[in-house]
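Novice: Please see the structure below; I have some questions.
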Amino acid sequence: MHTLLLNSFCENLNVISACNHCSYNVDFTYNFDMVRYCTLDHFILTGMLFANCVQTVSVAHDIGNTSDHDLLLLHLRLELRYVSLDKKERSPHPSWQKANPAQLGNYCQTMSENLASLYVPSEAIVCRDPNCCDSSHYDALQNYVAGIYVAVI
Ligand SMILES: [Zn+2]
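My numbering numbers the first residue of the sequence shown as 3 and each following residue consecutively.
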């Protein structure tokens, strides 16, 4: 069931699960009381990353890990030519350490008002279709996220 949903999800978004890579060496990522084992954790990659950058996909069964999920490890080989070494331009940004209590209070009040004025797309939020193709849901969630971003800055 989950495999079919994952495959369908990847196919719809034109991405590939790292579990399809030839280097994939994972027996399980989740255990239920060390009785039942399954692979619930995945890396999802673009086709370019999948084909050109994946070196290994493995799991760490660390005895010190108290979670019922184990660490899924993805090793990528990335070309440095894609990483910019140019000096970054600095732009002004708030300094929380330098703000006084009145400024912090004003920020909190303004943010609360901005968030309260946002339209909450309830229908899109409660949609449980992992393969949802309703563009109104996608647009509503994108607008909601953008609204939250603007409200907190
Ligand atoms: Zn939907």
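Note that CB positions come from ideal geometry on N, CA and C, so glycine has one too.
Hey, would you say the C-beta of D131 is under 6 Å away from at least one heavy atom of ligand 1?
Specialist: Here residue 131 refers to the residue found at position 129 when the sequence shown is read from its first residue. Checking every heavy atom of ligand 1 against the Cβ of D131, one is found closer than 6 Å.
Novice: Where does S138 sit, in a helix, a strand or coil, going by DSSP?
Specialist: On the sequence shown, position 136 is the one that residue 138 refers to. Reduced to three states, the DSSP call for S138 is helix.
Novice: Which runs of the beta strand (DSSP E) fall wholly inside the segment 64 to 107 and span at least 3 residues, in chain order?
Specialist: 73 to 78
Novice: Since A53 is in the alpha helix (DSSP H), which residue starts that stretch and which ends it?
Specialist: As a working note, residue 53 is residue 51 in the sequence shown. From DSSP, the alpha helix (DSSP H) with A53 extends over G49 to N54.
Novice: My output table needs one value for G127: the three-state DSSP class, helix, strand or coil.
Specialist: Stepping through the sequence shown from its first residue, residue 127 is reached at position 125. Before going on, a small fix: residue 127 reads as Ile here, not Gly. I127: helix per DSSP, three-state reduction.
Novice: Nearest-angstrom Cα distance between P123 and I65?
Specialist: Walking along the sequence shown from the start, residue 123 turns up at place 121. Walking along the sequence shown from the start, residue 65 turns up at place 63. Computed Cα separation, rounded: 43 Å.
Novice: To the nearest angstrom, how far is the alpha carbon of N14 from that of Y26?
Specialist: Within the sequence shown, the letter at position 12 stands for residue 14. Within the sequence shown, the letter at position 24 stands for residue 26. So the alpha carbons of these two residues sit roughly 22 Å apart.
Novice: Which one of V56, A153 and Y151 has the shortest CA to CA distance from L75?
Specialist: Looking up residue 75 in the sequence shown gives position 73. Of the candidates V56, A153 and Y151, the one whose C-alpha sits nearest the C-alpha of L75 is V56.
Novice: Contact check, L120 vs Y146 under 8 Å by CB: the rounded distance?
Specialist: For the purposes of this step, residue 120 is taken as residue 118 along the sequence shown, with counting starting at 1. For the purposes of this step, residue 146 is taken as residue 144 along the sequence shown, with counting starting at 1. 7 Å between Cβ atoms; contact.
Novice: Between V28 and I46, how many whole angstroms is the CB-CB distance? I'm expecting something under 8 Å.
Specialist: For this step, residue 28 is matched to residue 26 along the sequence shown. For this step, residue 46 is matched to residue 44 along the sequence shown. That pair is no contact at about 14 Å.
Novice: Figure out for me which residue from C134, D131, L8 and N116 has the closest Cα to the Cα of I155.
Specialist: As a first step, residue 155 is located in the sequence shown; it is residue number 153 there, counting from the start. The option with the nearest alpha carbon to I155 is N116.
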